[in-house]
Amino acid sequence: MKHGSYMAALAALALTGSLAVTAANAESFPSKSVELVIPFAQGGGTDQVGRIFAEYAERHLGGDIFVSNRTGGSGAVGFSHGANAEADGHVITMVVTTLAAAPHTIDGYPVSYKDFEPVCLLSAPPAVLAVHPESGIDSLTALVEKAKAEPGELTFGTAGPGSNTHLTGAAFATQADIDISFVPHKGSGPALTAAYGKHIDVAIADKAEVTPWHNDNRLEVLTVFTDDPKAGIDGVPLATDEGYSVDIGSFRGIGAPKGTSPEAMEVLIDACRSTAEDPDFIAHMERTGTEPYVLFGEEFGSWLQNKHEAFGEAAKAADM
Amino acid sequence: MSLLMEGFSIVLEMRLLLLLSGAVALGIVAGSMPGISATMGVALLSPLTFTMEPLHGILSLIGVYCGAVYGGSLSAILLGIPGTPGAVATTLDGYAMSRQGKPGIALGIATLSSVLGGILSTAALMLLAYPIAEFALAFGPREYLALVVFALTAITALSGGSFLKGLFAGFIGLFLASIGIDETYGVSRYHFGYVMLMGGISFIPITIGLFAIPETLLSIERIGRAPRQVLRVNRIIPGRSVLARILPAQLRSGVIGTIVGAVPGAGSDIAAIVGYSQGKHMSRNPERFGTGSAEGIACAESANNAATGGSLIPLLTLGIPGGAVTAIMLGTFMTHGLQPGPLLLQSNAPLVYQIFAGVFIANLLLLVFGLSGSKLFARVLQIPESILTPTILLLCVVGAFAMRNNPVDVLIMFAAGMVGYIMVKIGIPRAPLIIGLILGPMVEGELARSLIVAGGDWWALFTPISSVIWLLVIAPFVAPLIMKGIRYLKQSYKTI
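So the sequences go chain by chain: A and B. First residue of the first sequence? That's 355 in the working numbering, and the numbers climb one at a time after it. First residue of the second sequence? That's 3 in the working numbering, and the numbers climb one at a time after it.
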């Protein structure tokens, strides 16, 4: 009897103890430094946004954030690491365009949006078409006419096979019923440089990347692939206004491993929200040419699912 | 000119000078550690510059950049391990000279050459930035293809005694380079379903493994045998005759490095390779290259540091980042609300001249640190091998891992080490393998792009600029034949 009550007391103690531990864990997230996985190399656009985010989010998360570039496999190495990390919120990942495109374009790509809990979307610049100011092509209509007159002759520089810029071009070409040649580059930067050097006719790039080139007239933007006038560029017609509906711009957001506890997700989402509202963060992002475009939690989740499907359609158009 | 003077007076202000010195020193340390490249050093520092004044932030990054490219030569010369990919060519002659008991002189030559190359490219940046930028802009896929093939022919220069063995090593490198997803059509090759191999094999762990592991194994072999001679570093500055002999090589490599650095997409690694192989072809003593030639060190080091100034040319004048390092710098400029490009000189002329002055001073700081620190650096050689060897091993593991935070890279590093050990034992040169690995994907990508832009017409690959480079590619192979032919004709003329 005495013995039994002793055991019961011990069990109760253990139970409350473990409960207390769980509660403490939930309350104390983050209990150690948070790792922000960037699946691409130092110095790229994703790296830049990731590092700016980490810098400001630290203030709002109440804990250290360290950035780790886990590169390789067209993002597969980093995404897989982030998706397979312990689901306690201490490893978060930059969830970017490649995660929506690669599952459709690379055989055996091991991850997709389904492997992540959506934390927040940070930016979603649409794709644009840009030409050299002396190219003689001054509108989308002129471009389509030229492409029809010389099938297969016009060269379109993209950020590489299966990138959103390539898929945008393919979807556009299908809708316009034109035959063009894609010239893959190692990222949009080199594609823009090639257009500026007149080595290719047209560059397809993200609006954020092309804005500085457009602003000082080094390149002329012909169209912006969005149906949201707020996301456009002043004085540049939207592709939807000319009858083309292509909506697979690039995006950058934050995800946590699937199955992360609701408590940790809440802390992460709150930190993301405060960061996205931080005027210093917004100003910093805008200085680098990226306007914040923000969604949180489940709202970001369904947005991500739509993107995944849109990229699937475009990949079919690109015959990948 | 007054703007430049004003620039110097601002950069020489104590606080900024201290910051720049700190950045250069930090860069030297980062560059000398295998696996921590100039790109990584600059990327790690860049968030810290967000809150600085624009000039301070930009010059910090430039200081780290110049320091890291120079620092790569320290471990190359002292330990036979290139600290950065740009120092692979330096390893050949620098380590050989160091083993001949002259590590101080080797460091001295590397320092003087780096500084001269850096200053030459800074002068080009100040005086000829716009014409050079226009020229660099003319480099499309066809010109770049020719340039990369030109660099690939350096395998002949880096092969040491046996060209066939060098070619074999080069092909291994090209094969390794073909692993992963190709950048033209997205086809994946040779990864056998392993995600880790999908992204291809990074050349940093291969370089570390290939060069560092054999050294550690060889030092273990030496244990219990004759004690290693303790090297005393007395001289740093080489004699006047050596200085006179290497000056033409330094100047030529400085020009090559500046131009290659200015071409978008090419960096200090390609600059050093091209500089070294041209140096060997032009040298009066080509047979000494690879055996501890002062000229060899001069060619590689002058070219790789000249590429730093060269890469700033398209960045500042056209707003085009030529590579990863200048891409990070572009981000830093924009963070401070500055847009590099043709308008920067108009809207922010004082800042541009302050940057010019800063790059110049950063190179002078390399001279100060290099000459005053060489004796200290060379003390590494006095550390007993029982401590030095495990320390190097540890640094290798850290370096291989840090590149991509990928444990597989550590395994790749050790595997490359075993291969490297066998290569040393059977006399196959290792540098050509690295050349193949670095240049393989570039050759493939540029060829694909060239053919797409040319509409599949192979003859269209020969543009005016690319034709000149193609001539340079075949010159070393054809020239001896022509000379033979002329001699033969002369002979037969005499006999008639």
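Even for Gly, the Cβ is constructed at its ideal location relative to N, Cα and C.
Contact the region 420-436 of chain B vs the region 126-138 of chain B: 3+ CB pairs below 8 Å: no
Return the chain-ordered ranges of every beta strand (DSSP E) run that is complete within the region 158-207 of chain B and spans a minimum of 3 residues. none
Close-in-space but distant-in-sequence residues of the same chain around residue 379 of chain A (CB under 6 Å, 5 per side omitted): Indexing the first sequence from 1 puts residue 379 of chain A at position 25. Interpretation of residue 379 of chain A is limited by its pLDDT of 48, a score under 50 that renders its predicted location unreliable; the figure taken from the coordinates is listed afterwards. Around residue 379 of chain A: no qualifying Cβ.
Let me know if residue 2 of chain B comes out buried or exposed under the rule of 16 or more other beta-carbons within 10 Å of its beta-carbon. A question about residue 2 of chain B goes unanswered here, because the residues of chain B that appear run from 3 up to 498.
Can you tell me whether DSSP reads residue 577 of chain A as helix, strand or coil? Taking the first sequence and counting its residues from 1, one reaches residue 577 of chain A at position 223. Correct three-state label for residue 577 of chain A: strand.
So what does DSSP say about residue 73 of chain B, is it helix, strand or coil? The residue you call residue 73 of chain B lines up with position 71 of the second sequence. The answer is helix: DSSP assigns residue 73 of chain B an H, G or I state.
Which same chain residues end up closer than 6 Å to residue 382 of chain B when comparing Cβ atoms and leaving out the 5 residues on each side of it in sequence? Taking the second sequence and counting its residues from 1, the one referred to as residue 382 of chain B is at position 380. Taken in chain order, the residues that qualify are 80.
Would residue 528 of chain A and residue 558 of chain A be called neighbours here (beta carbons separated by less than 8 Å)? For this step, residue 528 of chain A is matched to residue 174 along the first sequence. For this step, residue 558 of chain A is matched to residue 204 along the first sequence. No. Outside cutoff.
Bounding residues of the alpha helix (DSSP H) (the contiguous stretch that carries residue 392 of chain A): Position 38 of the first sequence holds residue 392 of chain A. Run containing residue 392 of chain A: none in the alpha helix (DSSP H); it sits in the beta strand (DSSP E), 388-392.
Burial state of residue 270 of chain B (16 or more Cβ within 10 Å): For the purposes of this step, residue 270 of chain B is taken as the residue at position 268 of the second sequence. Buried: at least 16 other Cβ atoms inside 10 Å.
Inter-stretch contact at 8 Å, needing at least 3 Cβ pairs: the region 43-58 of chain B / the region 331-351 of chain B: yes
Does any CB atom of chain A fall closer than 8 Å to the CB of residue 185 of chain B? Residue numbering aside, residue 185 of chain B sits at position 183 when the second sequence is read from its first letter. Chain A, which has a Cβ nearer than 8 Å to the Cβ of residue 185 of chain B, makes this yes.
If you follow the alpha helix (DSSP H) that residue 244 of chain B is in, where does it begin and where does it stop? Taking the first residue of the second sequence as position 1, residue 244 of chain B is located at position 242. That run of the alpha helix (DSSP H) goes 242-264.
When the Cα atoms are used, what is the spatial distance from residue 607 of chain A to residue 652 of chain A? Indexing the first sequence from 1 puts residue 607 of chain A at position 253. Indexing the first sequence from 1 puts residue 652 of chain A at position 298. Answer to the nearest angstrom: the Cα atoms are 13 Å apart.
Among the candidates B/52, B/64, B/61 and B/113, whose CA atom is the shortest distance from the CA of residue 78 of chain B? Counted from its first residue, the second sequence places residue 78 of chain B at position 76. Comparing Cα positions, the closest option is B/113.
Please state whether DSSP places residue 497 of chain B in a helix, a strand or coil. Within the second sequence, the letter at position 495 stands for residue 497 of chain B. Residue 497 of chain B falls in the helix class under three-state DSSP.
Measuring only from the beta carbon, is residue 406 of chain B closer than 7 Å to any heavy atom that is part of the ligand NAD? This structure simply doesn't include the ligand NAD, nor any ligand for that matter.
What in chain C is Cβ-close to residue 341 of chain B, meaning under 8 Å? In the structure shown, chain C cannot be found, because the protein chains are A and B.
Rounded C-alpha distance that separates residue 115 of chain B from residue 252 of chain B: Within the second sequence, numbered from 1, the residue matching residue 115 of chain B stands at position 113. Within the second sequence, numbered from 1, the residue matching residue 252 of chain B stands at position 250. Roughly 6 Å between the two C-alpha positions.
Taking C-beta to C-beta, are residue 494 of chain A and residue 535 of chain A nearer than 8 Å? The residue given as residue 494 of chain A occupies position 140 in the first sequence. The residue given as residue 535 of chain A occupies position 181 in the first sequence. Contact: no.
Report the three-state DSSP secondary structure of residue 127 of chain B (helix, strand or coil). Counting from one through the second sequence, the residue named residue 127 of chain B turns up at place 125. Helix, per DSSP.
In the region 344-427 of chain B, which residue ranges form an unbroken alpha helix (DSSP H) of at least 4 residues, counting only runs that do not cross its ends? 344-349, 351-380 and 387-406
Residue 524 of chain A to residue 668 of chain A, Cα distance in whole Å? The residue labelled residue 524 of chain A in the question sits at position 170 within the first sequence. The residue labelled residue 668 of chain A in the question sits at position 314 within the first sequence. Straight-line Cα distance between these residues: approximately 7 Å.
Can you find a C-beta in chain A that's less than 8 Å from the C-beta of residue 52 of chain B? Here residue 52 of chain B is taken as the residue at index 50 of the second sequence, counted from 1. Chain A contact via Cβ: present.
Cut-off 7 Å between Cβ atoms - residues of its own chain near residue 440 of chain B, not counting five sequence neighbours on either side: Along the second sequence, read from residue 1 onward, the residue named residue 440 of chain B stands at position 438. Here the set comprises 87, 205 and 271.
Between residue 504 of chain A and chain B, is the shortest Cβ-Cβ distance under 8 Å, so that the two count as touching? The residue you call residue 504 of chain A lines up with position 150 of the first sequence. It does not; no Cβ of chain B falls within 8 Å.
Got a sec: which bits of the region 444-466 of chain B sit with their beta carbon under 8 Å from any beta carbon on chain A, in order along the chain? 447, 450, 451, 454, 455 and 457
Beta-carbon within less than 6 Å of residue 26 of chain B's beta-carbon, same chain only, minus the 5 sequence neighbours each way: which residues are those? Mapped onto the second sequence, residue 26 of chain B falls at position 24. Within the same chain, residue 26 of chain B has close Cβ partners 65, 69, 364 and 367.
Endpoints, the alpha helix (DSSP H) within which residue 448 of chain A is located: Mapped onto the first sequence, residue 448 of chain A falls at position 94. Residue 448 of chain A -> not in any alpha helix (DSSP H); beta strand (DSSP E) instead, spanning 445-450.
Contact set between residue 345 of chain B and chain A, taken where Cβ atoms lie within less than 8 Å: If you number the second sequence from 1, residue 345 of chain B lands on position 343. Ordered by position in chain A, the residues that pass the 8 Å Cβ test against residue 345 of chain B are 570.
Continuous alpha helix (DSSP H) assignments of at least 4 residues falling wholly in the region 263-350 of chain B: 270-284, 296-320, 326-337 and 344-349
Do residue 441 of chain A and residue 611 of chain A have their beta-carbon atoms positioned less than 8 Å apart in this structure? Position 257 of the first sequence, counted from the start, is the residue given in the question as residue 611 of chain A. Position 87 of the first sequence, counted from the start, is the residue given in the question as residue 441 of chain A. Cβ atoms of residue 611 of chain A and residue 441 of chain A: closer than 8 Å.
Rounded distance between the beta-carbons of residue 394 of chain A and residue 429 of chain A, thought under 8 Å: Working through the first sequence from its first residue, we reach residue 429 of chain A at position 75. Working through the first sequence from its first residue, we reach residue 394 of chain A at position 40. Contact holds; Cβ gap of about 6 Å.
Measure the Cβ-Cβ separation of residue 94 of chain B and residue 292 of chain B and say whether it is below 8 Å. The residue you call residue 94 of chain B lines up with position 92 of the second sequence. The residue you call residue 292 of chain B lines up with position 290 of the second sequence. Yes.
Between the alpha carbons of residue 188 of chain B and residue 518 of chain A, how many angstroms are there, rounded? Sequence index remark: in the second sequence, residue 188 of chain B carries index 186 (1-based). Sequence index remark: in the first sequence, residue 518 of chain A carries index 164 (1-based). Their Cα atoms are separated by approximately 13 Å.
So residue 198 of chain B contacts chain A; which residues on that side make the cut at Cβ distance below 8 Å? Locating residue 198 of chain B in the second sequence gives position 196, where the first residue counts as 1. The answer, in chain order, is 426, 427 and 431.
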